[in-house]
Amino acid sequence: MNNINKLNTLLNVINQLFAVGDYGVNHIEFLFIGVRNLLEEDEVVRKIFFDELMKSINESLSSDHDLVADIDSDLLCYLAHTTRWPEFYEFVKRRQEIVSSRKKIRYSKDLSEAIQEALQLHWEDVEFYNKIK
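The sequence shown begins at 1 in this note's numbering and counts up by one.
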């Protein structure tokens, strides 16, 4: 199994477990770690991951889903907090530019705000994870 297939499998399992409804992030943190390890080890897969994330910016703004490119928002925040990769800062910047350019009033927090908070050293949601490094 190549690393792209491994990543897709991990993302699908994460989405399926969250869909069941009885699992919190603390129960599937080991899958988040698996995604992080895969992205750290394989720069090609990491580039594909962020390319897909960037391409999805416009699509996700037009829907009511919390997912971006079938990537769970909790996973994105976890990855942002534990890695602080520059691609997350770029994603936040580009998404905020698009959100602010739209005239629509948004009533809920945007994904870019959640990721921006996760990039902080003292992220409030860190308490939900057992093994954040």
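C-beta: ideal position from N, C-alpha, C; glycine also.
As the structure is a prediction and not an experimental result, all values here were calculated from the model.
Asked	Found
Burial state of Ser101 (16 or more Cβ within 10 Å)	exposed
Residue closest to Asp70, alpha-carbon to alpha-carbon, out of Leu10, Thr83, Lys131, Trp85	Leu10
Spatial distance of Leu39 from Gly21 (CA atoms)	27 Å
Phe50 versus Glu87 - alpha carbon distance	7 Å
Nearest-angstrom Cβ-Cβ length linking Tyr78 and Tyr129, presumed shorter than 8 Å	7 Å
Cα-Cα separation between Gln96 and Leu75, rounded to whole angstroms	19 Å
For Arg94 and Lys55, the rounded distance between their alpha carbons	11 Å
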